[in-house]
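Last residue of the sequence shown: 316 (UniProt numbering), numbering continuous.
For glycine and all other residues, C-beta sits at the position ideal for the given N, C-alpha and C.
Heads up, the thing below is written out as structure tokens.
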Amino acid sequence: MPYVDRQNRICGFLDIEELENSGKFLRRYFILDTQQGSLVWYMDNPQNLPVGAKHVGSLSLTYISKVSDATKQRPKAEYCFVINAGMRKFFLQANDQQDLVEWVNALNNATKITVPKSSDAVHSESQRLASNGNKKQVPYKTEIIAGVAVVTQTQQDGEVGHSVGGEKVGLRKAQNHPPYLHSRAGQDQTIIKAGYCVKQGALMKNWKRRYFVLEQNSMSYFKSDLEKDPLRIILLKEVHKVQDCKHGEIMLRDNLFEVVTTSRTFYVQADSPEEMHSWIKAISGAIVAQRGPGRSAASCPNTYLGRLYLFLPFFL
């Protein structure tokens with residue numbers, strides 16, 4: 001779901017058809033900035049990219065005439081909507097129906113309050129690139145279509161992902177049922193929740209995107225959704241509490257929650273506030289289910305206060 005960050009911008013992940021009529025949608029992180037009058041998209045959340053990483057595409061709100069549902073135009077693309085900008089149409093895929101509605105409303109509201117300016121968008125983009133001349137230059141392509149300036153980063157041949165801290169990250173949206181889950185179908189485990197989050201490393205304190213899988217007795221994280229062997233398994237019986245992280249402001253991380261275990265506190269960043277609460281609720285529920293309704297109610301009470309789920313361990 002789109003959310004408002006600390007700079008009052010609307011942010012979130014969407015899939016975009018960058019090459020018109022290609023039918024190929026790529027996963028991108030979008031930032032709708034009404035003060036700057038722009039919609040920009042990155043390979044990933046800029047917080048997880050190297051310092052100075054450039055956006056891969058941008059569109060001035062001045063030139064957006066209408067944003068609407070496009071499920072009938074693209075029946076094969078689920079939760080699809082379209083941004084009309086002159087003669088160019090940008091087709092995007094949301095994560096679900098609510099996500100689609102919220103993005104369409106946000107974009108339409110943003111364009112309503114945008115006052116058209118007779119400025120040269122290409123010139124302003126050139127000035128921005130010139131001001132960053134001391135940084136690594138990235139090839140951009142500017143297209144003028146019916147008076148609309150569309151700036152996109154030129155893709156390199158064979159591009160299948162991007163590098164985050166030296167690690168290759170896929171561009172496509174994670175499958176609902178990754179291959180490795182099927183290989184484990186014979187085991188007596190139920191997948192409660194799975195998806196990508198960003199976690200802080202134990203030693204280097206760097207942030208990397210990992211694929212998390214919550215099961216009945218444990219939570220594991222993998223290098224990607226294609227891996228079979230987890231990097232680590234966290235047993236739920238060792239989890240003391242899971243909650244919205246109070247240090248999010250200090251760590252400059254949105255949607256941050258913490259999983260406190262006997263030996264370590266895991267800091268995990270979700271893609272949106274809704275995802276953060278969904279993970280907290282799922283982990284909390286799994287802990288209660290594991291410890292049993294009777295014992296969990298008597299010895300492991302859980303409370304929900306605003307954005308906080310708290311679990312107190314029981315002692316045998």
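Residue nearest to residue i in terms of C-alpha spacing, selected from the options
{"i": "Lys112", "options": "Lys228, Phe90 and Ser60", "result": "Ser60"}
{"i": "Lys246", "options": "Lys237, His240 and Leu256", "result": "Leu256"}
{"i": "Leu226", "options": "Asn109, Arg210, Glu215 and Glu238", "result": "Arg210"}
{"i": "Thr265", "options": "Arg74, Phe90, Leu107 and Glu238", "result": "Glu238"}
{"i": "Ile283", "options": "Gln98, Val4, Lys241 and Cys11", "result": "Lys241"}
{"i": "Asn108", "options": "Val51, Gly52, Gly37 and Ser218", "result": "Gly37"}
{"i": "Ser218", "options": "Lys208, Lys193, Ser224 and Gln200", "result": "Lys193"}
{"i": "Leu19", "options": "Val259, Phe90, Gln216 and Val268", "result": "Phe90"}
Span of the alpha helix (DSSP H), counted from its first residue to its last, around residue i
{"i": "Ile287", "result": "Pro273 to Arg291"}
{"i": "Val101", "result": "Gln97 to Lys112"}
Own chain, CB closer than 6 Å to residue i, minus 5 neighbours either side, in chain order
{"i": "Thr71", "result": "Cys80"}
{"i": "Val40", "result": "Ile31, His55 and Ser58"}
{"i": "Arg28", "result": "Ile16 and Trp41"}
Residue-chain proximity (residue i, chain B), Cβ-Cβ < 7 Å
{"i": "Leu226", "result": "Note that chain B does not occur in the displayed structure, where there is just one protein chain."}
DSSP state of residue i mapped onto helix, strand, coil
{"i": "Lys193", "result": "strand"}
{"i": "Tyr3", "result": "strand"}
{"i": "Glu258", "result": "strand"}
{"i": "Gln73", "result": "coil"}
{"i": "Asn84", "result": "strand"}
{"i": "Thr62", "result": "helix"}
{"i": "Lys237", "result": "helix"}
{"i": "Leu19", "result": "coil"}
{"i": "Gln243", "result": "strand"}
{"i": "Gln47", "result": "helix"}
Cβ neighbours of residue i in the same chain (closer than 8 Å, five flanking residues each side left out)
{"i": "Asp229", "result": "Phe222"}
{"i": "Gly12", "result": "Met1, Pro2, Tyr3, Tyr29, Phe30, Asp99, Trp103, Asp271 and Ser272"}
For residue j and residue i, believed in contact at Cβ under 8 Å, the rounded distance
{"i": "Leu236", "j": "Ala286", "result": "6 Å"}
{"i": "Ala77", "j": "Phe25", "result": "7 Å"}
Where the beta strand (DSSP E) containing residue i begins and where it ends
{"i": "Asp15", "result": "Ile10 to Ile16"}
Residues of its chain near residue i, where Cβ-Cβ distance is below 7 Å and the 5 sequence neighbours each way are ignored
{"i": "Ala94", "result": "Leu14, Tyr79, Phe81, Leu100 and Trp103"}
{"i": "Ser183", "result": "No answer about Ser183 holds up, because its pLDDT of 39 lies below 50 and its placement is not dependable."}
Residue i CB to nearest heavy atom of the ligand PLP below 6 Å
{"i": "Val268", "result": "With respect to small molecules bound, the structure shown includes none, and the ligand PLP cannot be examined in it."}
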